[in-house]
Amino acid sequence: MGLACLIAFFLLILSPGIQQALLSLFGLIAFFVVTHFLIEKSKVSFTLTATHFQQHMFKGGWVVRWNNISHIGVCTYSQEGWHQPIPWIGIKLKDYEPYLDNICPRISTQILLEQRSLLYLGLKQMDKKNIPFEDIVLDSKPYESSNGEQYTGLQAMLANRMAYQRENFGYDIFISTSDLDRSGDEFVGLARRFLAAADKEDLIN
1 MGLACLIAFF LLILSPGIQQ ALLSLFGLIA FFVVTHFLIE KSKVSFTLTA THFQQHMFKG
61 GWVVRWNNIS HIGVCTYSQE GWHQPIPWIG IKLKDYEPYL DNICPRISTQ ILLEQRSLLY
121 LGLKQMDKKN IPFEDIVLDS KPYESSNGEQ YTGLQAMLAN RMAYQRENFG YDIFISTSDL
181 DRSGDEFVGL ARRFLAAADK EDLIN
């Protein structure tokens, strides 16, 4: 903020006329507004409570309860028998329905588009060369849950993507480590402590 005021002051002093000074000032304000908007748009945060795990994004977010999570871990890529960690955290769900029923369409679309490269990497890992990538990247065939619930459209696309990625990596939901405020291993350790505490609470109840 102080830097912006200093720049504005010099623009007013150095401009040859008041009109040029005002134009420069408006341009500077527009620049900072757009920059602030882009920064806010790219922000991703997380909430971990005793009952649920939530991701917050500019367009919305998603939430899963701990009792619907079976495993959380750092994703790995297997090549010639060697497993190498990749910059993604994976979450394996027990039931897709609560997640699919509560996620908003804008976030579903964002996930489908932004995680295409991860899907491609998973197919490469599993050596599924006979499956055309374009046939599954936005697979819209109806999806039926384990409870018999039918999903179509965008929800079906997301459910099918999750099913493909479970085959590829063993997880359904993915978080980029670039969105975290700590290392992937540290975040997984923290999440697992919450998961273990929730499991103990369920046993008590």
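Per UniProt numbering: the sequence shown = residues 1 to 205. Positions of the beta carbon are idealized from the N, C-alpha and C atoms, including for glycine.
Does residue i come out as helix, strand or coil in the three-state DSSP assignment?
{"i": "Arg182", "result": "coil"}
{"i": "Val74", "result": "strand"}
{"i": "Pro132", "result": "coil"}
{"i": "Leu138", "result": "coil"}
{"i": "Lys124", "result": "helix"}
{"i": "Phe53", "result": "strand"}
{"i": "Tyr143", "result": "strand"}
{"i": "Gly148", "result": "coil"}
Determine the direct distance from the alpha carbon of residue j to that of residue i, and round the result to whole angstroms.
{"i": "Asp101", "j": "Asn130", "result": "32 Å"}
{"i": "Ser117", "j": "Pro85", "result": "16 Å"}
{"i": "Trp88", "j": "Gly148", "result": "31 Å"}
{"i": "Pro173", "j": "Glu80", "result": "Inspection of the sequence shows that residue 173 is occupied by Ile rather than by Pro. Near 25 Å, if we compare the C-alpha coordinates of Glu80 and Ile173."}
{"i": "Leu158", "j": "Ser108", "result": "6 Å"}
{"i": "Leu121", "j": "Val137", "result": "12 Å"}
{"i": "Ser140", "j": "Thr47", "result": "31 Å"}
{"i": "His83", "j": "Gln125", "result": "10 Å"}
{"i": "Glu114", "j": "Glu167", "result": "19 Å"}
{"i": "Tyr96", "j": "Ser176", "result": "20 Å"}
{"i": "Gly189", "j": "His56", "result": "20 Å"}
{"i": "Arg193", "j": "Asp179", "result": "20 Å"}
{"i": "Asp127", "j": "Asp135", "result": "16 Å"}
{"i": "Ala163", "j": "Ser146", "result": "12 Å"}
{"i": "Leu112", "j": "Asp199", "result": "31 Å"}
{"i": "Leu70", "j": "Ala196", "result": "Here residue 70 turns out to be Ser, not Leu, going by the sequence shown. Each residue's Cα considered, the two are about 10 Å apart."}
{"i": "Leu38", "j": "Arg106", "result": "Bear in mind that the predicted position of Leu38 carries a pLDDT of just 43, short of 50, making it too unreliable to give a figure here."}
{"i": "Ala191", "j": "Pro132", "result": "35 Å"}
{"i": "Thr45", "j": "Gln110", "result": "Looking at the sequence shown, residue 45 is not Thr but Ser. Going from the Cα of Ser45 to the Cα of Gln110 covers about 16 Å."}
{"i": "Leu123", "j": "Asn160", "result": "14 Å"}
{"i": "Phe58", "j": "Pro98", "result": "22 Å"}
Find out if the Cβ-Cβ distance for the pair residue i, residue j is shorter than 8 Å.
{"i": "residue 211", "j": "Tyr171", "result": "In the structure as shown, the chain begins at 1 and stops at 205. Residue 211 is therefore absent and cannot be evaluated."}
{"i": "Leu119", "j": "Gln165", "result": "yes"}
{"i": "Gly60", "j": "Phe169", "result": "no"}
Counting along the chain, where does the alpha helix (DSSP H) carrying residue i start and finish?
{"i": "Gly153", "result": "Gly153 to Phe169"}
{"i": "Ser176", "result": "Unbroken run through Ser176 is the beta strand (DSSP E), Ile173 to Ser176; no alpha helix (DSSP H)."}
{"i": "Glu97", "result": "Glu97 to Asn102"}
Is the beta carbon of residue i within less than 7 Å of some heavy atom of the ligand ADP?
{"i": "Lys94", "result": "The ligand ADP is not part of the structure shown, which contains no ligands of any sort."}
Can you give me the start and stop residues for the beta strand (DSSP E) that residue i sits inside?
{"i": "Ile111", "result": "It is not in any beta strand (DSSP E) - Ile111 instead sits in the alpha helix (DSSP H) that spans Pro105 to Glu114."}
{"i": "Phe46", "result": "Ser45 to Leu48"}
{"i": "Trp88", "result": "Trp82 to Leu93"}
{"i": "Trp62", "result": "Gly60 to Arg65"}
Touch test, the stretch 184-192 against the stretch 68-87, Cβ-Cβ under 8 Å, three pairs minimum:
With the cut-off at 8 Å, the stretch 184-192 and the stretch 68-87 touch.
Any chance the stretch 102-112 sits against the stretch 61-69, with 3 or more Cβ pairs inside 8 Å?
In short, these stretches touch, since the Cβ pair count reaches three.
Three-pair Cβ contact test at 8 Å for the stretch 150-158 versus the stretch 45-56:
No, the stretch 150-158 is not in contact with the stretch 45-56.
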